[in-house]
Amino acid sequence: MIFGLPVISVAIWLPIIFGILVLATGDDKNAPLARTLALVGATLGFLVTIPLYTGFVRDTSQMQFVEMHDWISRFNIHYHVGVDGISVLFILLTAFFTPLVVLAGWKVIEKRVAQYMACFLIMSGIMIGVFSALDSMLFYVFWESMLIPMFLIIGVWGGQNRVYAAVKFFLYTLLGSLLMLVALIYLYMQTGGSFEIQDFHRVSLPMTAQILIFIAFFLAFAVKVPMFPVHTWLPDAHVEAPTGGSVILAAIMLKVGAYGFLRFSMPIVPDASLKLAGVMIALSLIAVVYIGLVALAQSDMKKLVAYSSIAHMGFVTLGFFIFNANGMEGALLQMISHGFVSGALFLCIGVMYDRMHTRNIADYGGVANTMPVFAAFFMLFAMANVGLPGTSGFVGEFIVILGAVKVNFWYAFFAATTLVFGAAYTLWMYKRVVFGAVANHHVAELTDLVLREKLIFVILAVAVLGMGLYPLPFSEIMHVSVNDLLVHLARSKLP
Amino acid sequence: MNNLYLMVPLAPLLGAIVAGLFGKAVGRTWAHRIAILLVGVAFAGSVAIFNDVAEGHTFNGAVYTWLTSGGASFQVGFLIDKLTVTMMLVVTFVSLMVHIYTIGYMEEDAGYQRFFGYISLFTFAMLMLVMSNNFMQLFFGWEAVGLVSYLLIGFWFKKPTAIYANLKAFLVNRVGDFGFLLGIGLVLMVFGTLQYDVVFANAAAHANDIAPIPGFSWNMMSAICILLFIGAMGKSAQFPLHVWLPDSMEGPTPISALIHAATMVTAGIFMVARMSPLFELSETALSFVMVIGSITALFMGFLGIIQNDIKRVVAYSTLSQLGYMTVALGASAYSVAIFHLMTHAFFKALLFLAAGSVIMAVHHNQDIRFMGGLKKYMPITWITSLIGSLALIGTPFFSGFYSKDSIIEAVALSKLPVSGFAYFAVVAGVFVTAFYSFRMYFLVFHGKERYDQAPHDDHHAVDDHAAHEAAQATAQPPAKAAKHKAAKHVKNEHAAHAAKPHETPWVVTLPLILLAIPSVLIGYLTIEPMLYGSYFGDAIYISEHHHALHEMHEEFHGAFAMVTHAFTTLPLWLAIAGVASSAFLYLKRPDIPSAIQKRFQLVYTLLDNKYYFDRFNDWFFAGGARGASRILWKFGDVTLIDGVMVNGTAKLVGMFSGVMRRLQSGYIYHYAFSMIIGVFVLMTVRTWFE
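Residue numbers (our numbering), protein chains in the order written: chain F, 217 to 711; chain Z, 350 to 1039.
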């Protein structure tokens, strides 16, 4: 409880209320006020999530900080929220990034400042809602409403081709989730009139139904992750989105899809999950190898990092579907780390884009000469993307590969190719952009980071190194919930 | 736990933070003072720990739990025994020497503090690697030294060749790490932990298991050891993953000495010695190790003969010597490998630093064809280089003699089926080593003075440092470049090009002298305890089926007797022959080498192209990956998935709705007509079914 108010509701609604207040500041005359108010709201929004970590009871897999209220009693739909060891860290991650994107857009966004800031604040609240909803209809509402602010962010503040990208993003992800709604309604009928996710976990289902439900969920979640072959919206969305949009998209929104697999697909239809695990693993490994190679061919920095995100998320789905504790915990750690690292990389690209107005690798060269401090931060985050031990990027990949060896050596073999491919595309980009002699007079005129940018990077550097050197606080909180999920998965739900 | 253990790696880390992150604030002088002081602290700490371990106080314990997952606990911890402490002494001592040397060598460089930051960080990472008591931390140190190596090879990041070389080094090492990581994965699967002590204690129980690799029925230990050794092949530059090491010479000379000769590249050797309880269980793996080592030892030596860049000669010599160490590992003579690692660290660091001193003296020229007769200008560098070279070729009483002769003997006594080839390789290698070492020595210090003949515009032969600054000068707008101190430096260089060579300042020569002392003495003093005494104790395990070292012990009658015995064996005479022939060819008759080169053009071309490995890798792996990635992207993502599937679906919907739209034409007779057709069809269907 915070001041007598339930923690999760505060975490969801505080940023949304601040978002509405920011909107109320009106047009760009009041931009400074809008910015300040947004930063205050975002920072408060992060602070109020901290009790979720400190007050979390680590030895139970029960939902904690639960709130339950009637919402639409005609269909037995509740406002039911709570967290367990799987979801709690993502709420903190979401709230952690909101102040950073507000800061990142501080100077760069000059038009419709209030609306821009409000989008991110509201987005933050909605995403926390997604991670904490325990009623499937509540989840669905949050899930779909997430699209709206992101659609606006890309469509209004995006690049030249923003309308194509925004529409593609919207339709792609919307189409994916429609079948999920059908599956939820089917489950509602099977449980005898409940939209509770935990009731879904208990209902027994025949194999055919399980497989159909799995496919319905798969379409919704795989598009968000995104998994091969439904990934092509992501590079387009990233390229056109403003920096803040890319950061939230990569750091948080992709995690929502992966989270869905853990909260819905696997516990609701465990038998189908086991049966189709081979397909999922194959798709994951394709993501690692094929997408790793495709990333190598990119000439646009944002596209490159977008493809790198898909390859890294391949590790997450691989970890889920090898069905052991190493894989699942490694995947969750990878999700958090990827949030830090991809967010940081998009911010790095944003810093260069703000100065040069190009994302094309060929337009750069020798940035280290004029921006040495930036080059050092960029190197750290690039190395984290490469999965260097001591950075957060190593932890998840390492544990997933160790877990994969236990299941099948060849899974680990293909997954481990990321050691080479990941290094190749990341460091080759770094070489062409940062190293070398000053390539042109635009690069020669670059100025190094200002205090605001340094602050953002220092915060992220601490996160990346801290998690890399001491990941225990991140992993111990999830043990019990992960083990419970694995036990649940091992029990057949066939009637 | 002894706090000293923590202090040794953390002191250089602190130095790295101060020099690297706050270099500007503390200034040049204080940056190097603090960094050197803290590395000195690490060295003093290592000496204290050595004394402690000598009294039998070994340690194995955790510092903190890094992660727990799936029943396994991953820890950061230290294992302090004789093997560790030997490495700690070598690493901190060479690092200290290189730190001091750097004051002189990097004096005029703009990235002075950054350089100190990197080498201190390297010292930290290397210490974490050798002090680890588990595979996870080993991997951490392993990759961290790789990172610093990457940063240092590309230290002069404006030079295209340097940033090509550092990317290449990182990627080739990653190929090795790929195998290494899978090996670690198998270890965790089999033993349920990554702690050395538990793994080693239970290793024998799994000696005859079949590895769980679907499709193959390999022995478990062979699979684990070969995978781990692939990591060592990357880090210790063994054939065919050796290709990165010669290119790494693009980095400043001090780090060539520290990282690419004395310490980092020996990490693979150390790792295999540490894993002796595993390798001893697999003859297959040991044979594999021995073959790779002997190929590296002999064939990389050949390449040293035709190099003209002073640093590259030493680099190929390093490759060849690493091959020797690997052969010793294959022969189960782990202590001999570590012994050679130690002696090599001293004399090879000495040779590199001396090469750097020469480079400074002749104004940043690296081509040995344009040196000659330098001994009268720089006596200290001359004498110490001679000592280093004598140690390298295995002159009696010098440290290299004891270690190299022991390796040859161990191979001779090995019972592995491949030991015949290995024996040939290491014995022939003695001649090759002597030949290329003294070819370089004679060309640099003796003969006619040619330092004034160096071509000015030849960027390839010019020292990396100058080329880096030159790149800077041309790339920046003139106004800015003029302001830049470094650009001035280039001008001075050119003005001073014809000036006489000079001895280098004391910060450069002092480390040479301090390294020359152990290069001479350390072998004589330590061979008995290290190889035949109980020095390593339990740190190294040798199976009772492998007798080589045991038999050597029986024939060993003291370090002095070893010398007298050497005169009756082939290797010593081969070494003498090597020196004699290079003296004849390069001092007496300098016309003959070029004649030979013309006569055997084919062989020369093969060697000059380094057996075409680089070409092949560039074409097949780098080019292949780039080509494949473009095709996959253009065809797979853009055409197939996005073009056909995604936008194709959108088009299909568009087409379909276009057709549907036609139906709603608004004309009554269209609707009436379709109604009649509909009624007709329905009635037909109905009558059919009745």
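A virtual CB, placed ideally from N, CA and C, is assigned to each residue, including glycine.
{"Item": "Identify the continuous beta strand (DSSP E) that holds M284/F and give its terminal residues.", "Value": "Q280 to I288"}
{"Item": "State the Cα-Cα distance for the pair I431/F and N352/Z, rounded to the nearest angstrom.", "Value": "57 Å"}
{"Item": "Counting contacts by CB-CB distance shorter than 7 Å, is A679/F in contact with chain Z?", "Value": "no"}
{"Item": "If you follow the alpha helix (DSSP H) that I293/F is part of, which residue opens it and which one closes it?", "Value": "It is not in any alpha helix (DSSP H) - I293/F instead sits in the beta strand (DSSP E) that spans I293 to V299."}
{"Item": "Under 8 Å Cβ-Cβ, which residues of chain Z neighbour V510/F?", "Value": "S978, L981, W982, G985 and D986"}
{"Item": "Given that P442/F touches chain Z, what residues does it touch there, using C-beta distances under 9 Å?", "Value": "Ordered by position in chain Z, no residue passes the 9 Å Cβ test against P442/F, which lies about 11 Å from the chain."}
{"Item": "Under the three-state reduction of DSSP, which class applies to H833/Z: helix, strand or coil?", "Value": "Here the model assigns H833/Z a pLDDT of 44, short of 50, so the residue's position is not dependable, and the following value carries that caveat. H833/Z falls in the coil class under three-state DSSP."}
{"Item": "For a quick check, are the C-beta atoms of F234/F and G257/F less than 7 Å apart?", "Value": "yes"}
{"Item": "Looking only at its chain, what residues have a beta carbon closer than 6 Å to the beta carbon of T642/F, apart from the 5 residues adjacent to it on each side?", "Value": "A598, N601 and V602"}
{"Item": "Alpha carbon to alpha carbon, how far is V320/F from T459/F?", "Value": "Going by the sequence as given, residue 320/F is Ala instead of Val. The straight-line gap from Cα to Cα measures roughly 8 Å."}
{"Item": "Could you tell me which chain F residues have their CB closer than 8 Å to the CB of I512/Z, listed as they occur along the chain?", "Value": "K647, F651 and G652"}
{"Item": "Quick one: list the residues of chain Z neighbouring A639/F, beta-carbon separation under 8 Å, in chain order.", "Value": "F519, L520 and R523"}
{"Item": "Name, please, each residue of chain Z whose Cβ falls closer than 8 Å to the Cβ of T241/F.", "Value": "Result: empty, since nearest Cβ-Cβ is about 39 Å, beyond 8 Å."}
{"Item": "Check each residue of the region 453 to 481 of chain F: if its Cβ is closer than 8 Å to any Cβ of chain Z, include it; give the result in chain order.", "Value": "none"}
{"Item": "Applying the 10 Å Cβ sphere with the 16-neighbour rule, what's the burial state of R1010/Z?", "Value": "exposed"}
{"Item": "Output the distance between the C-alpha atoms of F787/Z and A740/Z, rounded to the nearest integer angstrom.", "Value": "12 Å"}
{"Item": "Pull the bridge partners of G410/Z from the DSSP assignment, please.", "Value": "F427/Z"}
{"Item": "Apart from the five residues just before and just after F480/F, which ones in its own chain have a Cβ nearer than 6 Å to its Cβ?", "Value": "F433"}
{"Item": "Check whether chain F comes within 7 Å of I562/Z, counting only Cβ atoms and requiring the distance to be less than that.", "Value": "yes"}
{"Item": "Per DSSP, which residues does Q544/Z bridge with? Please list them.", "Value": "N483/Z"}
{"Item": "In chain F, which residues lie with their C-beta within 9 Å of the C-beta of M570/Z?", "Value": "Ordered by position in chain F, no residue passes the 9 Å Cβ test against M570/Z, which lies about 15 Å from the chain."}
{"Item": "Going straight from the alpha carbon of K584/Z to that of Y673/Z, what length do you get?", "Value": "15 Å"}
{"Item": "Could you check whether the region 538 to 554 of chain Z touches the region 585 to 604 of chain Z, counting it as contact only if at least three pairs of C-beta atoms, one from each stretch, sit closer than 8 Å?", "Value": "no"}
{"Item": "Run through the region 525 to 607 of chain Z for me and flag every whole alpha helix (DSSP H) of 4 or more residues, listed as ranges in chain order.", "Value": "545 to 552, 569 to 584, 593 to 596 and 602 to 606"}
{"Item": "K724/Z lies in the alpha helix (DSSP H); which residues open and close that run?", "Value": "Looking at the DSSP string, K724/Z is not in any alpha helix (DSSP H), and its letter there is neither H nor E."}
{"Item": "Near A493/F, what residues of its chain come up, given a Cβ to Cβ distance below 6 Å and the 5 sequence neighbours on each side ignored?", "Value": "F537"}
{"Item": "Would you grab the beta carbon distance between G242/F and A330/F for me? Rounded to a whole angstrom, and I think it's under 8 Å.", "Value": "7 Å"}
{"Item": "Using 10 angstroms around the beta-carbon of F464/Z, count the other beta-carbons present and answer buried if the total reaches 16, otherwise exposed.", "Value": "buried"}
{"Item": "Taking the runs of the alpha helix (DSSP H) that are 4 residues or longer, which of them lie wholly in the region 305 to 354 of chain F?", "Value": "329 to 348"}
{"Item": "Please state whether the Cβ-Cβ distance between K431/Z and G886/Z is less than 7 Å.", "Value": "yes"}
{"Item": "When burial is assigned at 16 or more other CB atoms within 10 Å of the CB, is A610/Z buried or exposed?", "Value": "buried"}
{"Item": "Report buried or exposed for W1037/Z, applying the criterion of at least 16 other Cβ atoms within 10 angstroms of its Cβ.", "Value": "exposed"}
{"Item": "What do you get for A550/Z, buried or exposed, if any count of 16 or more other CB atoms within 10 angstroms of its CB means buried?", "Value": "exposed"}
{"Item": "Using CA coordinates, which residue listed in R799/Z, F619/Z, L652/Z and S681/Z is at the minimum distance from F637/Z?", "Value": "S681/Z"}
{"Item": "For D526/Z, return the contacting residues in chain F, with the cut-off set at a CB-CB distance below 7 Å.", "Value": "L635"}
{"Item": "Compare the C-beta of T448/F with all C-beta atoms of chain C and state if any pair is closer than 7 Å.", "Value": "Reference to chain C is not applicable here, since the protein chains of this structure are F and Z."}
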